Every structure is written in structure tokens, then in C-alpha cells.
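Residues in the sequence shown are numbered from 1 upward in steps of one, following full-length UniProt numbering.
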Amino acid sequence: MKKLNHEMDHLQKRDEEMRLEMDEWDEDSSFLESIAARSANLETEVTRLQHDLRTSTREVGEAKKEVIELKKALEEKALVIERLRLEIAELRKEKVKSEKKGRELETKIGILEVRVTEERGKKSRVQEEMKERIDELKKKIEDLEADVAKLSNELKRRKEEKRQCEEKAMGLEFNMLALKDMVDEKTNEAKSGKVKDIGCTDKRLEVPIATVGTVAAIAVVVAVVYRYCRKRS
Numbered sequence: 001m002k003k004l005n006h007e008m009d010h011l012q013k014r015d016e017e018m019r020l021e022m023d024e025w026d027e028d029s030s031f032l033e034s035i036a037a038r039s040a041n042l043e044t045e046v047t048r049l050q051h052d053l054r055t056s057t058r059e060v061g062e063a064k065k066e067v068i069e070l071k072k073a074l075e076e077k078a079l080v081i082e083r084l085r086l087e088i089a090e091l092r093k094e095k096v097k098s099e100k101k102g103r104e105l106e107t108k109i110g111i112l113e114v115r116v117t118e119e120r121g122k123k124s125r126v127q128e129e130m131k132e133r134i135d136e137l138k139k140k141i142e143d144l145e146a147d148v149a150k151l152s153n154e155l156k157r158r159k160e161e162k163r164q165c166e167e168k169a170m171g172l173e174f175n176m177l178a179l180k181d182m183v184d185e186k187t188n189e190a191k192s193g194k195v196k197d198i199g200c201t202d203k204r205l206e207v208p209i210a211t212v213g214t215v216a217a218i219a220v221v222v223a224v225v226y227r228y229c230r231k232r233s
């Protein structure tokens, strides 16, 4: 635009000079015609330059609009960049916090791993102790089972002895009743004047009987044997 303005000024100045020359050389018609033709050319050139100037002015206006739009877009991008910078700064802060938390978590994990190892050790020791106790209890149970078996055998033996003693007692009681009948019979005979010695022998228990007073001794023996059998049972 400056160049065009400069050319227009130069042409106008040249036109004025030509007019002056035309005034001075008015007598020379051929020269005037030449000057007129030259002036017409200059006017055409001025018109063209004015058109170019308007076109350039319009282009400059459009360029200004583009510059304004570009400036606006640049400002928007600057705002976006600033916002991104702030977000990046926040992300960096968050990253620092995350790294700190990560280190804290690693420390906690290390502590937990140590605790887990200790608990596993304790668990192993407890399991070993429980195994030892279980083995001891199993041994005690086996001993108790052996004692129970022994006592069961002893109980069976004692029951058998009790049965045998009861059989003996029943036999003695039967013999005692028989002897009592004999004594009663002999007593009656004694009362009638027929007194004799009485004798009786049992294969399992030998008891001599001579008089009626021996019946009490037989009863005592039977009671002792019976009590003995009960104690053994």
C-alpha cells in the first residue's frame, strides 16, 4: 500500500508537471497531442492503480480480519496451553503424592510380610505343640484303653469268682439247712433219750459236727464264706 500511495503521489506530481509543460508549450500542437496521449495513459494508469489500491485495501481488511481471528485463536490456544500447564502441575503434584503413597504402601507391605512370617512361625510352633499334645493325649488314651481292657478282664475274673463263691455259698447254705434238719431230728431223738454223735464232712469245706451246739458254728462259717465272696466280687 505504501508503494502504491507513493506511485500515485509521483503520478499526480508528474501530471501537474505535465500540465505546466502543456501551458508552456501550448503553441506546439503536436507536443500537446503527445502530452494529452501521455496524460490519458497516465490517467488510465492512475485508474488501474486506484483499483489495485482498493483491491489491496480490501485484501488488507481481509488480512486484518484473518489476523484478528488468528490472534483470537492464538489467545484461545494460549488459554488452553495455560490450562494444560496447570493440569500438568496438578498431575505432577498428584504423581508426587502417589509416589509417596506408593513408598508408604511398600513400607506397610514390608511390615505385613514380616508379621506374616512371624505369624507363620508362631503357627508352626503352635502346630508342633498341638501335635505333641495330641501325641501325649493319644498315648494317655492308649494307656487308658489298656487299663480299661485290664480292668474289664479283672471285672470278668471277679464276676466269675463271685459266681463261684455264690455257688459255694448256696451249696453251704443247702448243707446248713440239711444239717439243721439233721440236728433237729437228733435233738428230737435226744429229747426222747436217743443221743448220738453226729459227724458231717463237705468236700469243699470240712466242718466236724458232734453236738447240737455246732449248728451255730456252721452258720458262722457259712456267713464268713459268703462275706468273703462278696468282698472278692
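All C-beta atoms in this analysis are idealised placements derived from N, C-alpha and C, irrespective of residue type, glycine included.
From a predicted model like this one, the values you see are computed outputs, not experimental measurements.
In the three-state reduction of the DSSP assignment, serine 192 falls in the coil class. Around the CB of methionine 130, fewer than 16 other CB atoms lie within 10 Å, so the residue is classed as exposed. The Cβ neighbour count for leucine 137, taken over all protein chains shown within 10 Å, is under 16; the residue is labelled exposed.
Threonine 57 has its alpha-carbon roughly 28 Å from the corresponding atom of arginine 38. Only buried fits valine 183, as 16 or more other CB atoms lie within 10 angstroms of its CB.
Take the alpha-carbon of leucine 42 and the one of alanine 73: they are about 45 Å apart. Spanning the alpha carbons of lysine 139 and glutamate 99 requires a straight line of approximately 59 Å.
With fewer than 16 other CB atoms across the displayed protein chains lying within 10 angstroms of its CB, alanine 63 is exposed. The alpha helix (DSSP H) runs lying completely inside the stretch 137-165 and spanning 4 residues or more number zero. Here leucine 155 is exposed. Its C-beta has fewer than 16 other C-beta atoms within 10 Å.
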